[in-house]
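To start, the structure under review is shown below, and the notes come after it.
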Amino acid sequence: MNNSDDMSKGTHAASDKDPDRYIVPTVSMRRTVIFPILNFPIPLTITQSRTLEIVAHAKSKDSLVFIAAQVDPEDDHPSISDLYQVGILARVIDVRREDDADIVVIEGQSRARVTKAVDDSSLLLAEVEVIHDSEDSG
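Position 117 (the sequence shown) corresponds to 116 in numbering that gives the first Met the number 0; numbering is contiguous.
Structure below.
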């Protein structure tokens, strides 16, 4: 992450003391792991209405989302604890409808890990911290 001010636009900073921690909505992925590649838009097909609500909210606020794979891909309503704790912070670039499918285009910003669940309501808010390339992801 080169510029944490850029990254936090519209995203709640978890602490003024730690600019690498954010409180963000969480998107769960089934059978998919995404890697953060700057300047490389990634289209995702969204099938769950809750996920579409989360990404639409993030897009409207110009904020980041945390994206992580589900431990059990058959779980239709995962909570933060049902996700792998390492994923990516991503910016939502576009949300559109194409041929009866909702497409979300994201751009990965960095790897991140969950430090705690903040709220398991419809937005699945989690506090996450950036994992710098020199760190071990655990």
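Glycine is no exception: its CB is placed at the ideal position from the N, C-alpha and C atoms.
Using the Cα positions of T25 and D71, report the straight-line distance between them to the nearest angstrom.
Here the C-alpha atom of T25 lies approximately 16 Å from the C-alpha atom of D71.
Suppose you measure from the CA of I92 to the CA of L43; what does that come to, to the nearest Å?
Approximately 11 Å between the Cα atoms of the pair.
Of the residues S120, G86, L122, V94, which one's Cα is nearest the Cα of E128?
Per the Cα distances, G86.
Test item: CB-CB of S27 and Q84 under 9 Å
No, they are not a contact pair.
Contact belief for P35 with R110 at Cβ below 8 Å, rounded distance in angstroms:
Contact check for P35 and R110: beta-carbon distance about 6 Å, within the 8 Å limit, so the pair qualifies.
Reduced DSSP secondary structure (H/G/I, E/B, other) of D19
In this structure, D19 counts as coil in the three-state DSSP scheme.
Determine the burial state of A100: buried for a count of at least 16 other Cβ atoms within 10 Å of its Cβ, exposed for fewer.
By the neighbour-count rule (16 or more Cβ atoms within 10 Å), A100 is not buried but exposed.
When DSSP builds the beta bridges, which residues end up paired with L88?
By DSSP's assignment, L88 forms a beta bridge with F65, S109.
Measure the C-alpha to C-alpha separation of S62 and D132 and round it to an integer number of angstroms.
Whole-angstrom Cα-Cα distance: 22 Å.
When the Cα atoms are used, what is the spatial distance from I102 to D17?
Distance between the alpha carbons of I102 and D17: 33 Å.
What three-state label does DSSP hand T25 in the structure shown?
It is a strand residue.
Reference D75; option with closest CA among E126, N38, S48, I22:
The option with the nearest alpha carbon to D75 is S48.
Name the two residues that bound the continuous alpha helix (DSSP H) containing T141.
The question about residue 141 has no answer, for the chain in this structure spans 0 to 137.
Is it buried or exposed, F65, if we count other Cβ atoms within 10 angstroms and call 16 or more buried?
So F65 ends up on the buried side.
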